[in-house]
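Remarks on the structure that follows.
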Amino acid sequence: GENVEQHPSTLSVQEGDSAVIKCTYSDSASNYFPWYKQELGKGPQLIIDIRSNVGEKKDQRIAVTLNKTAKHFSLHITETQPEDSAVYFCAATSSGYSTLTFGKGTMLLVSP
Amino acid sequence: SAVISQKPSRDICQRGTSLTIQCQVDSQVTMMFWYRQQPGQSLTLIATANQGSEATYESGFVIDKFPISRPNLTFSTLTVSNMSPEDSSIYLCSVDRTGNTGELFFGEGSRLTVL
Chain A
33 GENVEQHPST LSVQEGDSAV IKCTYSDSAS NYFPWYKQEL GKGPQLIIDI
83 RSNVGEKKDQ RIAVTLNKTA KHFSLHITET QPEDSAVYFC AATSSGYSTL
133 TFGKGTMLLV SP
Chain B
7 SAVISQKPSR DICQRGTSLT IQCQVDSQVT MMFWYRQQPG QSLTLIATAN
57 QGSEATYESG FVIDKFPISR PNLTFSTLTV SNMSPEDSSI YLCSVDRTGN
107 TGELFFGEGS RLTVL
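Residue numbers (my numbering), protein chains in the order written: chain A, 33 to 144; chain B, 7 to 121.
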């Protein structure tokens, strides 16, 4: 089955800096890669996703890149703000069945 | 996005008892999923709840311990049976509202503490 590795487990940045979280996956059949943000006491919220037919996707301060050859994908957050502080999870799945395999999560702390 | 309501939001339970968690979605969905998130950990899929058929359980999870109901396309329940402290977790309901694309939306979770 799929295995998703996520690094780092914790990340501390100053407000305004950029943050990068990286994930690798094992199943070459995986073709959908979402990122979730989980704030304290809440359920995970989908913030951005990418499919295997594109290499990069942006949404305002958030971007995701995908390298299918190397089987890794990354989340990039620019101009970080304190409200970006949360746990971020990457995930992967192959099409046709919505059973996501999640990474272990990255706790991002943005200091004012 | 989908509006997903879970009840209870949190509970403290005694060892050996059972608790049923309810999940209500604001629109009809084909597939509903139950995840477990142990303290400080990632999300692990327990089972897929399909309307009109038995739930499909992932490795390590069995129906006797986690019976699931799916009476219609907007509602599901997960029961945690004969609880032990190791069952203390957040249990999350999720749906793929767009239909088998992997775009999951999650409820707020039910935080169970077993004493």
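Glycine is no exception: its CB is placed at the ideal position from the N, C-alpha and C atoms.
Quantities reported herein were computed from a predicted structural model and do not represent experimental measurements.
Going by DSSP, which residues form a beta bridge with residue i?
i: A:A102; result: DSSP, once it has assigned bridges, lists no residue as partnering A:A102.
i: B:T56; result: Reading off the sequence shown, one finds Asn at residue 56 of chain B, where the question assumed Thr. Note: B:N56 sits in a beta bridge opposite B:M37.
i: A:Q70; result: A:V119
i: A:Q38; result: A:C55
i: B:V31; result: B:I10
i: A:S50; result: In DSSP, A:S50 forms no bridge with anything.
Do residue j and residue i count as a contact pair if the criterion is CB distance below 7 Å?
i: B:Q28; j: B:K13; result: yes
i: B:S100; j: B:L84; result: no
i: A:L140; j: A:L78; result: no
i: B:L98; j: A:G75; result: yes
i: A:T97; j: A:S106; result: yes
i: B:L49; j: B:Q57; result: no
i: B:L118; j: B:D32; result: no
i: A:E37; j: A:A124; result: no
Figure out for me which residue from the options has the closest Cα to the Cα of residue i.
i: A:G73; options: B:L110, B:T83 and B:S95; result: B:S95
i: B:I10; options: B:S59, B:V68 and B:F39; result: B:F39
i: A:E71; options: A:S117, A:L107 and A:H39; result: A:S117
i: B:E89; options: B:S65, B:I18, B:T23 and B:S15; result: According to the sequence shown, residue 89 of chain B is Met rather than Glu. B:M89 has its Cα closest to that of B:T23, out of B:S65, B:I18, B:T23 and B:S15.
i: A:D91; options: A:K103, A:N99, A:T101 and A:W67; result: A:W67
i: A:F65; options: A:S143, A:F121 and A:S41; result: A:F121
| field | Residues of the stretch 110-121 of chain A whose Cβ lies closer than 7 Å to any Cβ of chain B, in chain order | value | F121
| Contacting positions in the stretch 7-29 of chain B - beta carbon closer than 7 Å to chain A | If the cut-off is 7 Å between Cβ atoms, the stretch 7-29 of chain B has nothing near chain A.
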